[in-house]
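Here's what the structure looks like:
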């Protein structure tokens, strides 16, 4: 099947080898991709059911990053479970910059997978399960929901935004995108405003996307927010994986997505969106609390895209450009000094 700016549906590649237990030592030659999950589930029974389904995907090294709310005695065969105790034993100096009960503890899992030779990292959450302007792009509109938008999309551009369908080009061959975001059925990642307007108070959303629309890859200079709930990263994009540690939980992956896209464009890489490959049964949330956490995205997403569109790097080194962009984010108060220091320290380890 042809696609827009995309050659194959590598996101859905079938893998059929056994995964090791979380107690085994992995060599740098391990060819299995890594699936990374941050866990904050309180209900041990639901927790077990979810991961039994996820761990059954053979051929993946499943990494679960625990936190204070994760059952400390939880265990499942074929899973790398990084409890708080195990995380401390890893001896990562970056641990000192991360808080307990923080979504950004995913960063420990990224480091864990990268050091074990990962070529792909599938970034997801504990409430997902696998299921078989001119410079802005709304993937939900492209896949059939004309009045839905993803969390982090600049609200001031919603009313008149069309995705510029006349600019789409059908391609039969193109380099595989380095970041691949899959859509989800039932309760997709939207902001609190959309949920307050359309979600059922008890059951949340129940949405479905067009499963027959082709994948679409964005050209350089086109931006779209993407989350950390159903996303695949090639190793060429690993240097953009890390989540800012000092912004709200519902902001951190959005800021990462915008930050990443600018840098990926500079090295000739692309971001792509794929048809539905998962169902999300969302954990219970207080929508007004979500609204408060998302305030920074409502206020600054549009300005951030304008800033990125005009920003240029003074260096020819992607490492230097990553640090320079992080510094620019700090100066315009998108990132705090703590996040800046953290990103710079990681970049020196993992930038291309």
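In the working numbering, the protein residues as written are 47 to 398. The C-beta atom is built at its ideal place from N, Cα and C for all residues, glycine as well.
Below 8 Å on the Cβ atoms is my guess for residue i versus residue j; work out the distance and round it to an integer in Å.
| i | j | result |
| --- | --- | --- |
| residue 260 | residue 196 | With 8 Å as the limit, residue 260 and residue 196 do not qualify as a contact, their Cβ atoms being about 19 Å apart. |
| residue 143 | residue 388 | 5 Å |
Just to confirm, is the Cβ distance from residue i to residue j under 8 Å?
| i | j | result |
| --- | --- | --- |
| residue 114 | residue 130 | yes |
| residue 423 | residue 339 | The structure shown has nothing for residue 423, since the chain only spans 47 to 398. |
| residue 354 | residue 269 | yes |
| residue 19 | residue 311 | The requested residue 19 does not occur in the structure, where the chain is confined to residues 47 to 398. |
| residue 317 | residue 230 | no |
| residue 282 | residue 257 | no |
| residue 291 | residue 384 | yes |
| residue 152 | residue 111 | yes |
| residue 228 | residue 324 | yes |
| residue 106 | residue 78 | yes |
| residue 109 | residue 155 | yes |
| residue 183 | residue 264 | yes |
| residue 362 | residue 393 | no |
By Cβ distance below 8 Å, which residues in the same chain neighbour residue i in space, the five residues on each side in sequence not counted?
| i | result |
| --- | --- |
| residue 234 | 186, 194, 196, 251, 253, 255 and 326 |
| residue 188 | 209, 259, 262 and 319 |
| residue 386 | 372, 373, 375 and 376 |
| residue 192 | none |
Using a 10 Å radius around the Cβ and a threshold of 16 neighbouring Cβ atoms, would you call residue i buried or exposed?
| i | result |
| --- | --- |
| residue 118 | exposed |
| residue 245 | buried |
| residue 241 | buried |
| residue 73 | In this predicted model, residue 73 has a pLDDT of only 43, less than 50, meaning its place in the structure is not dependable; the value taken from the coordinates is given anyway. Counting Cβ neighbours within 10 Å, residue 73 comes out exposed, since fewer than 16 surround it. |
| residue 150 | buried |
| residue 277 | buried |
| residue 116 | buried |
| residue 334 | exposed |
| residue 216 | exposed |
| residue 157 | buried |
| residue 133 | buried |
| residue 346 | buried |
| residue 71 | At residue 71 the pLDDT is 36, less than 50, meaning the model places this residue with poor confidence and gives no usable figure here. |
Short of 7 Å in beta carbon distance, which residues of its chain neighbour residue i, apart from the five on each side in sequence? Order them along the chain.
| i | result |
| --- | --- |
| residue 356 | none |
| residue 202 | 348 |
| residue 341 | none |
| residue 181 | 267, 268, 269, 351 and 355 |
| residue 147 | 113, 114 and 115 |
| residue 204 | 195 |
If you drop the 5 nearest sequence neighbours on each side, which residues of the same chain put their C-beta closer than 6 Å to that of residue i?
| i | result |
| --- | --- |
| residue 359 | 367 and 370 |
| residue 343 | 198, 297 and 300 |
| residue 239 | none |
| residue 399 | This structure cannot speak to residue 399, because the chain is shown only from 47 to 398. |
| residue 337 | 238 |
| residue 379 | none |
| residue 302 | 289 |
| residue 171 | 275 |
| residue 422 | Nothing can be reported for residue 422, as the shown portion of the chain is limited to 47 through 398. |
| residue 248 | none |
| residue 416 | Given that the chain is displayed from residue 47 to residue 398, the structure contains no residue 416 and the question cannot be resolved. |
Does the region 327–336 come close enough to the region 371–385 to have 3 or more Cβ pairs within less than 8 Å?
no
With a threshold of 8 Å, are at least 3 pairs of Cβ atoms found where one atom belongs to the region 201–218 and the other to the region 305–312?
no
Quick one: any contact between the region 275–288 and the region 162–173, if contact means 3 or more CB pairs under 8 Å?
yes
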